[in-house]
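Peer 1: In UniProt numbering, the protein residues as written are 1 to 280.
Here's a structure for you.
See below:
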């Protein structure tokens, strides 16, 4: 009987596996999956390692929130007006613009607005702005993540080759490429309805919502023969896994991806009859 003290540990087994030096990325991934099949680590660990490898090859443009989807505050608006906007959107940080979205002058932390509610007589939004970090669309995500950690910054504005604002990216966006979707206290969770109507009349819909339920709630007539969920319907229409901010119209419904990672869809914004709305 072998001495248990002489049995190779996890580190030794993984090291032995990698003695066959991989020649490229695909061989490396194959070795990792082989290690998973040998129970050297679980599926969550494999998924995270694959995410780390993927992040090193991705650029900011691939995960950024497009400019058209950015929630920003105009410095010229009355404080009472944009405080309501901040409460509705429930983000912790907001880009602040002056005149148009191409002119981002700083980042406002939502918590700094508490001074206004506290009756601070010297309250001045412009004085509260944090410096804005601009990055090119081609910025590698692994480098961006390191910058976020080093500078203790959580948000960056992505600019195109002409210096115009292309979108924004947060540290959460980068981390989600590694660990999957990160839900926070403002995400509607499993205990709530899969379909939530926003004040503007649009709907936030979980991708796992069954088509039968979607049809009943929104008066749609989608077939559930080929796919059971709204996420399946949207994926079929795109023909690929879409990124956040991308939209597709199916019949009289416009679906915009609100939350997604490199593996699956999570939340969609649904607008009914967008063509009719544009004509009004």
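Using N, Cα and C, we set each Cβ at its ideal position, and we do this for glycine too.
Under 8 Å between the Cβ atoms of residue 245 and residue 69?
Peer 2: Yes, they are a contact pair.
Peer 1: Mind checking whether residue 230 and residue 207 have CB atoms under 8 Å apart?
Peer 2: For residue 230 and residue 207, yes; Cβs fall inside 8 Å.
Peer 1: Using a 10 Å radius around the Cβ and a threshold of 16 neighbouring Cβ atoms, would you call residue 279 buried or exposed?
Peer 2: For residue 279, the predicted model reports a pLDDT of 43, less than 50, meaning its position is unreliable; a value from the coordinates is still stated below. It counts as exposed.
Peer 1: Could you tell me the alpha carbon to alpha carbon distance between residue 72 and residue 36, rounded to whole angstroms?
Peer 2: 44 Å
Peer 1: Under the rule that 16 or more other beta-carbon atoms within 10 Å means buried, what is residue 174, buried or exposed?
Peer 2: Burial call: buried.
Peer 1: Could you give the uninterrupted runs of the alpha helix (DSSP H) lying entirely in the UniProt domain "CBS" (64-125), keeping only those of 4 residues or more?
Peer 2: 79-89, 114-117
Peer 1: I need the DSSP call for residue 222, collapsed to helix, strand or coil.
Peer 2: Coil, per DSSP.
Peer 1: For residue 59, which residues of its own chain have a beta-carbon under 8 Å away from its beta-carbon, when the five flanking residues on both sides are left out?
Peer 2: 137, 138, 139, 140, 141
Peer 1: Does the Cβ of residue 167 have 16 or more other Cβ atoms within 10 Å, making it buried, or fewer, making it exposed?
Peer 2: buried
Peer 1: Given that a residue counts as buried once 16 or more other Cβ atoms are within 10 Å of its Cβ, and exposed if not, what is residue 96?
Peer 2: buried
Peer 1: Jot down the residue ranges of each uninterrupted alpha helix (DSSP H) in the UniProt domain "CBS" (128-188), minimum 4 residues, whole runs only, in chain order.
Peer 2: 141-151, 171-179
Peer 1: Quick one: using the 10 Å Cβ neighbour count with 16 as the cut-off for buried, is residue 25 buried or exposed?
Peer 2: exposed
Peer 1: In angstroms with no decimal places, state the Cα-to-Cα distance between residue 152 and residue 205.
Peer 2: 33 Å
Peer 1: With burial defined as no fewer than 16 other Cβ atoms inside 10 Å of the residue's Cβ, what is the status of residue 191: buried or exposed?
Peer 2: Low local confidence applies: a pLDDT of 41 at residue 191 is under 50, so the model's placement there is unreliable, with the coordinate-based value given in what follows. The residue in question, residue 191, is exposed, as its Cβ has fewer than 16 Cβ neighbours within 10 Å.
Peer 1: With distances taken between CB atoms, is the gap from residue 250 to residue 268 smaller than 8 Å?
Peer 2: No, Cβ-Cβ distance for residue 250 and residue 268 is not below 8 Å.
Peer 1: Using the DSSP secondary-structure output, state which residues sit across from residue 217 in a beta bridge.
Peer 2: BP columns for residue 217 are empty, so no partner.
Peer 1: Contact defined as beta carbons within less than 8 Å: I believe residue 243 pairs with residue 63. What is the distance between those atoms, to the nearest angstrom?
Peer 2: 7 Å
Peer 1: Going by alpha carbons, who is nearest to residue 161 out of 135, 40, 39?
Peer 2: 135
Peer 1: Taking the C-alpha atoms as reference points, what is the distance between residue 159 and residue 270?
Peer 2: A straight-line Cα-Cα distance of about 28 Å links residue 159 and residue 270.
Peer 1: Classify residue 254: buried if its beta carbon has 16 or more other beta carbons within 10 angstroms, exposed otherwise.
Peer 2: buried
Peer 1: Just how far apart, CA to CA, sit residue 44 and residue 107?
Peer 2: 35 Å
Peer 1: What does DSSP give as the partner residues of residue 260 in its beta bridges?
Peer 2: 265
Peer 1: From the DSSP output, which residues share a beta bridge with residue 247?
Peer 2: 256
Peer 1: Check residue 227 in the structure and name its three-state DSSP category.
Peer 2: coil
Peer 1: Throw me the rounded Cβ distance for the residue 171 and residue 132 pair, which I believe falls under 8 Å.
Peer 2: Not quite, the Cβ-Cβ distance comes to about 15 Å (not below 8 Å), so this is no contact.
Peer 1: Tell me which same chain residues have a C-beta within less than 8 Å of the C-beta of residue 29, skipping the five on either side of it?
Peer 2: 50, 53
Peer 1: Assign residue 341 to one of two classes, buried (16 or more other C-beta atoms within 10 Å of its C-beta) or exposed (fewer than that).
Peer 2: Past the boundaries of the shown model lies residue 341; the chain is included only from 1 to 280, so the question cannot be answered.
Peer 1: Using only the alpha-carbon positions, how far apart do residue 239 and residue 226 sit?
Peer 2: Taken atom to atom, the span from the alpha-carbon of residue 239 to that of residue 226 is near 14 Å.
Peer 1: Expressed to the nearest angstrom, what Euclidean distance is found between the alpha-carbon atoms of residue 213 and residue 84?
Peer 2: 32 Å
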